[in-house]
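S.K.: My structure is below; once you've seen it, I'll send some questions.
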Amino acid sequence: MYNSSRSQRGYYRPEETDATYSYSSLGSDSWKSDERVAAQKRYIDPKAAEDALVDLQKRLDDYSEEKGFKYYTFAAYSKSGDVHSNAERSRFLDMCDQHLNSYEAQLEKIPTHNNYRLVELNRIMNTDIKTYRGKVTANRESLRRSTDDEYYHDQIAEEVMQANSERLQLKQDLNKFGNDNCFNYADFATYTKDGQVRSDTERSRFLKVCDQGLYCFEHELKEIPTHNSPRLEGLQSDISLGIENYRKKVAASRGSVKGEIW
1 MYNSSRSQRG
11 YYRPEETDAT
21 YSYSSLGSDS
31 WKSDERVAAQ
41 KRYIDPKAAE
51 DALVDLQKRL
61 DDYSEEKGFK
71 YYTFAAYSKS
81 GDVHSNAERS
91 RFLDMCDQHL
101 NSYEAQLEKI
111 PTHNNYRLVE
121 LNRIMNTDIK
131 TYRGKVTANR
141 ESLRRSTDDE
151 YYHDQIAEEV
161 MQANSERLQL
171 KQDLNKFGND
181 NCFNYADFAT
191 YTKDGQVRSD
201 TERSRFLKVC
211 DQGLYCFEHE
221 LKEIPTHNSP
231 RLEGLQSDIS
241 LGIENYRKKV
251 AASRGSVKGE
261 IW
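Under UniProt numbering, read the sequence shown as residues 1 to 262, first letter to last.
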């Protein structure tokens, strides 16, 4: 009744009855027995299997057309042409994955009966599913890069704001440092705030403190990135110029101190 070569290759299992034929194309052995038997009974006739494959292929084609799989950026836009947000693209691609998994599962349940036409229909549909899945994967990778870029730009924007705030604060602190030490006066090192005349030793110590303070401002300025921002670069230039002007005033005052030791 059975072709022995077919039996050896696993197309049929002679020990089973007609009602429980097990075809190799039905899927893995992990199927539950009731699912296997139901599929076998439904598609035991090759014509029924062919009709099922043709119908499944048509539904897959219609689904592909509906989702726009022929377009490279099919997940980026809605049917009305609106641009999907990253969250919408992610949900859409998840849905596509679920539907393709469903088509693949349905295909596995339809036996080919070692029939050339059914085998070919099965192969074509498997190829289509693999192609569509590849497009979903490509769009998901594009989404990942887009999400990374979005995060990167948001992060940079936040860092620029932080750097801007730090530079503004540094500029205010530098101005306060200049005002506190009376850098606007040519003889700022000669007198204390209460009008007392400093000795040469006191002036020398005072000017060294000013040098240390200006060095700290310069060091802090270098620690704050500009992020190629024109505004931040402008602030950096202003602060650098302020430090340099104060340093020149300190140098000029030091030249008038007798016995200054560096």
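C-beta: ideal position from N, C-alpha, C; glycine also.
Considering only residues of the segment 109-165, which uninterrupted alpha helix (DSSP H) runs meet the minimum length of 4 residues and lie entirely inside it, listed in chain order?
M.R.: Runs found: none.
S.K.: Quick check: the Cα distance between Ile243 and Gln236, rounded to an integer number of angstroms?
M.R.: If you take the alpha carbons of Ile243 and Gln236, they lie about 11 Å apart.
S.K.: Once DSSP output is grouped into helix, strand and coil, what is the label at Tyr43?
M.R.: DSSP places Tyr43 in coil when its eight states are reduced to three.
S.K.: Based on the DSSP secondary-structure assignment, which residues constitute the bridge partners of Val250?
M.R.: Note: Val250 sits in no beta bridge, so no partner.
S.K.: Report the option in Ser142, Thr127, Pro111, Phe217 whose CA atom is closest to the CA atom of Leu174.
M.R.: Of Ser142, Thr127, Pro111, Phe217, the residue nearest in Cα terms is Phe217.
S.K.: How long is the line joining the alpha carbons of Tyr246 and Ala157, rounded to whole angstroms?
M.R.: Rounded to whole angstroms, Tyr246 to Ala157 spans 32 Å at the Cα level.
S.K.: Which of the three DSSP states, helix, strand or coil, is assigned to Tyr185?
M.R.: Looking at Tyr185 - three-state DSSP - the assignment turns out to be coil, as it is neither helix nor strand.
S.K.: With C-beta atoms as the reference, is Asp148 less than 9 Å away from Gln57?
M.R.: No. Outside cutoff.
S.K.: Does Gly234 pass the burial test, meaning 16 or more other C-beta atoms within 10 Å, or should it be called exposed?
M.R.: That one is exposed.
S.K.: Roughly how far, in whole angstroms, is the beta-carbon of Leu221 from the beta-carbon of Ser240, given that I think they are within contact range, below 8 Å?
M.R.: Confirmed, Cβ separation roughly 7 Å.
S.K.: What do you get for His113, buried or exposed, if any count of 16 or more other CB atoms within 10 angstroms of its CB means buried?
M.R.: By the 10 Å Cβ count, His113 comes out buried.
S.K.: Which partner residues of Val54 appear in the DSSP bridge assignment?
M.R.: Partner(s): none; Val54 has no beta bridge.
S.K.: Check whether the Cβ atoms of Leu107 and Ala49 sit closer than 9 Å, and answer yes or no.
M.R.: No, the Cβ-Cβ distance between Leu107 and Ala49 is not below 9 Å.
S.K.: Between which residues of its own chain and Cys69 is the CB-CB distance below 7 Å, once the five residues before and five after are set aside?
M.R.: A small fix is needed here, since residue 69 is Phe in this sequence, not Cys. Answer for Phe69: Tyr132, Lys135, listed in chain order.
S.K.: Can you tell me the Cβ-Cβ gap for Tyr43 and Ile110, rounded? I've got them flagged as a contact below 8 Å.
M.R.: At roughly 6 Å, the Cβ-Cβ gap stays under 8 Å, so Tyr43 and Ile110 are in contact.
S.K.: Are Cys210 and Ala186 touching if we call contact CB-CB under 9 Å?
M.R.: The answer is no: Cβ separation not under 9 Å.
S.K.: Assign Lys67 to one of two classes, buried (16 or more other C-beta atoms within 10 Å of its C-beta) or exposed (fewer than that).
M.R.: Lys67 should be labelled buried.
S.K.: For the ligand ZN, any of its heavy atoms closer than 8 Å to the Cβ of Gly134?
M.R.: Of ligands this structure carries none, so the ligand ZN is not represented either.
S.K.: How should Arg205 be labelled, buried or exposed, when 16 other C-beta atoms within 10 angstroms of its C-beta is the threshold for buried?
M.R.: So Arg205 counts as exposed.
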